[in-house]
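Enquirer:
Residue numbers (full-length UniProt numbering): 1 to 62.
1) Just tell me which of 27, 37, 42 has its CA closest to the CA of residue 58.
2) Return the chain-ordered list of same chain residues with a C-beta closer than 7 Å to the C-beta of residue 19, the five sequence neighbours on each side being excluded.
3) Put residue 27 into one of helix, strand or coil per three-state DSSP.
4) Going by the CB atoms, is the gap between residue 29 and residue 6 shorter than 8 Å?
5) Going by CA-CA distance only, name the one from 22, 47, 4, 24 that's closest to residue 34.
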């Protein structure tokens, strides 16, 4: 399952051009990891929010 969420969604390659209009805050596990390494995630609550966002976006779009 993680492979599906490990990289940013490429709407063109995946043939889903409406993705950017539907999903206002894209998030994937690689981006979340990068944000953590760059100390852009400042709290456990922010980490949890971004982690949930990965899956909420998938549910919203699909």
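Glycine residues also receive a C-beta, built at the ideal position from the N, C-alpha and C atoms.
Expert: Based on what the coordinates show:
1) Of the candidates 27, 37, 42, the residue whose Cα lies closest to the Cα of residue 58 is 27.
2) If we look at residue 19 and ignore the five residues flanking it on each side, its Cβ neighbours are 9, 11, 61.
3) Of the three classes helix, strand and coil, the one that applies to residue 27 here is coil, per DSSP.
4) In this structure, residue 29 lies closer than 8 Å to residue 6 by Cβ.
5) Measuring from the Cα of residue 34, the nearest candidate turns out to be 47.
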